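S.K.: The opening residue of the sequence shown carries number 7 in the numbering used here; numbering runs sequentially from there.
I have a structure here, written as structure tokens, and I will follow up with some questions on it.
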Amino acid sequence: MTDYPRIYAHRGAPTLAPENTIAAFSKAMEAGATWIEFDVDVIADGSLIVIHDDTLDRTTNGSGRYYGLDYSAIRRLDAGAWFSDTYRFERIPEAADVISFANASHLGMNLEIKPCYGGMELRETLVENLRVAVSQVADPSRLIVSSFDHEALARFHRACPQIALGWLFERHGQPGPTWQEGAADLGCVAVHPSVEGLTRAEVEQIREAGFDCNVWTVNDVDRAIELASWGVTGVFTDRPQDFPAEALTR
Ligand code: G3P
Ligand code: MG
Numbered sequence: 007m008t009d010y011p012r013i014y015a016h017r018g019a020p021t022l023a024p025e026n027t028i029a030a031f032s033k034a035m036e037a038g039a040t041w042i043e044f045d046v047d048v049i050a051d052g053s054l055i056v057i058h059d060d061t062l063d064r065t066t067n068g069s070g071r072y073y074g075l076d077y078s079a080i081r082r083l084d085a086g087a088w089f090s091d092t093y094r095f096e097r098i099p100e101a102a103d104v105i106s107f108a109n110a111s112h113l114g115m116n117l118e119i120k121p122c123y124g125g126m127e128l129r130e131t132l133v134e135n136l137r138v139a140v141s142q143v144a145d146p147s148r149l150i151v152s153s154f155d156h157e158a159l160a161r162f163h164r165a166c167p168q169i170a171l172g173w174l175f176e177r178h179g180q181p182g183p184t185w186q187e188g189a190a191d192l193g194c195v196a197v198h199p200s201v202e203g204l205t206r207a208e209v210e211q212i213r214e215a216g217f218d219c220n221v222w223t224v225n226d227v228d229r230a231i232e233l234a235s236w237g238v239t240g241v242f243t244d245r246p247q248d249f250p251a252e253a254l255t256r
């Protein structure tokens with residue numbers, strides 16, 4: 007039997023519907039995914055929104071940063087027409103909407119906290135409101151919270167010590183401690199490296215240190231199988247629809 011890593015549908019199924027929308031998470035579920043990944047940031051009224059970029063330009067008909075907006079303005083934006091006409095009524099969801107959808111669909115979740123550029127007060131609001139949002143997760147044992155922003159992750163950990171954490175990092179030039187220096191102190195259960203430049207030796211080091219190793223972003227099934235043979239426990243993919251059911255249900 008082929009050994010697969012766990013498959014996380016990255017921003018839903020973003021080749022089938024606009025990323026980080028309920029449509030994209032529905033498509034991932036229809037493709038058989040049992041875990042989703044989504045990105046969370048905060049806006050002026052404290053609402054947690056599901057969006058990858060720190061500006062509205064690429065994925066909506068709005069523009070610029072969103073940190074000064076309330077959700078009443080965000081919900082008027084079209085977050086689907088950029089992808090195709092079919093999705094022109096999609097909206098930027100709130101984190102609570104995605105959590106409700108995942109609860110109802112029995113999906114596990116990797117919630118990624120975006121490095122908020124809205125200032126210190128909003129960064130604190132993000133973590134406080136996330137504590138409230140994740141309290142609605144039906145099965146907290148199927149929730150991982152990850153971030154490139156390890157300070158935000160530490161703050162979240164103080165607020166919610168029982169939730170599993172993933173130490174996200176980029177290999178080139180990210181300031182601050184390395185995973186070897188920081189992930190254990192923070193109590194992370196997983197390290198999340200980029201697939202670019204990843205070596206078998208690095209995977210072995212992560213696994214021998216006692217962490218799960220969840221790799222982003224892997225869009226090729228054979229590559230995912232190879233990574234599993236290296237000891238990788240999970241991959242984030244833009245193409246959950248390419249994986250067989252036996253891979254998606256672990
Ligand atoms: O959580 C894995 C992956 O999503 C991290 O990078 O930029 O796609 O959010 P990014
Ligand atoms: Mg992400």
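Where is the CB? At the ideal position from N, CA and C, for every residue including glycine.
From a predicted model like this one, the values you see are computed outputs, not experimental measurements.
Does the contact criterion of 3 or more C-beta pairs under 8 angstroms hold for the stretch 173-186 versus the stretch 140-149?
M.R.: no
S.K.: Which residues, in chain order, sit with a beta-carbon under 5 angstroms away from any heavy atom of the ligand MG?
M.R.: Asp-45, Glu-118
S.K.: Kindly give me the distance between the Cβ atoms of Ala-23 and Phe-89, rounded to whole angstroms, as I take these residues to be in contact under 8 angstroms.
M.R.: On the sequence shown, residue 23 is found 17 positions in, with the first residue counted as 1. On the sequence shown, residue 89 is found 83 positions in, with the first residue counted as 1. Ala-23 to Phe-89, Cβ: 7 angstroms. Contact.
S.K.: Taking the beta strand (DSSP E) that Arg-213 falls in, what are its first and last residues?
M.R.: For the purposes of this step, residue 213 is identified with residue 207 of the sequence shown, where counting begins at 1. From DSSP, Arg-213 is part of no beta strand (DSSP E) but of the alpha helix (DSSP H) over 206-214.
S.K.: Please classify Phe-95 as buried or exposed, where buried requires at least 16 other C-beta atoms within 10 Å of its C-beta.
M.R.: In the sequence shown, counting from the first residue as 1, residue 95 sits at position 89. Exposed.
S.K.: Determine, using beta carbons only, whether Ala-37 and Pro-246 come nearer to each other than 7 angstroms.
M.R.: In the sequence shown, counting from the first residue as 1, residue 37 sits at position 31. In the sequence shown, counting from the first residue as 1, residue 246 sits at position 240. Yes, they are a contact pair.
S.K.: Do you know how far the Cα of Leu-117 is from the Cα of Thr-40?
M.R.: In the sequence shown, the residue the question calls residue 40 occupies position 34. In the sequence shown, the residue the question calls residue 117 occupies position 111. Computed Cα separation, rounded: 14 angstroms.
S.K.: Between Gly-86, Thr-8, Ala-101, Asp-244, which lies nearest to Gly-52 when the distance is taken from Cα to Cα?
M.R.: Start at 1 with the first residue of the sequence shown, and residue 52 comes out as number 46. When each option's Cα is compared against that of Gly-52, the closest is Ala-101.
S.K.: When you compare only the Cα positions, how much space is there between Ala-230 and Glu-187?
M.R.: For the purposes of this step, residue 230 is taken as the residue at position 224 of the sequence shown. For the purposes of this step, residue 187 is taken as the residue at position 181 of the sequence shown. About 27 angstroms.
S.K.: Looking only at C-alpha atoms, which of Arg-129, Cys-166, Arg-71, Ser-200 sits nearest to Ser-147?
M.R.: Taking the first residue of the sequence shown as position 1, residue 147 is located at position 141. Minimum Cα distance to Ser-147 is reached at Cys-166.
S.K.: Would you call Ser-152 buried or exposed, if buried means 16 or more other Cβ atoms sit within 10 Å of its Cβ?
M.R.: If you number the sequence shown from 1, residue 152 lands on position 146. Buried: at least 16 other Cβ atoms inside 10 Å.
S.K.: Can you tell me whether Asn-116 is helix, strand or coil according to DSSP?
M.R.: Position 110 of the sequence shown, counted from the start, is the residue given in the question as residue 116. Residue state, collapsed to three classes: strand.
S.K.: Distance check for Gly-68 and Asp-155, CA to CA, integer angstroms please.
M.R.: Taking the first residue of the sequence shown as position 1, residue 155 is located at position 149. Taking the first residue of the sequence shown as position 1, residue 68 is located at position 62. Cα-Cα distance, rounded: 26 angstroms.
S.K.: Which same chain residues, not among the five before or five after Ile-13, have their C-beta less than 7 angstroms away from its C-beta?
M.R.: As a first step, residue 13 is located in the sequence shown; it is residue number 7 there, counting from the start. So the qualifying residues of the chain are Ala-39, Trp-41, Val-241, Thr-243, Pro-246, Phe-249, Ala-253, Leu-254.
S.K.: Phe-95: beta carbon under 6 angstroms from a heavy atom of the ligand G3P?
M.R.: Working through the sequence shown from its first residue, we reach residue 95 at position 89. Incorrect: Phe-95 has no Cβ contact closer than 6 angstroms to the ligand G3P.
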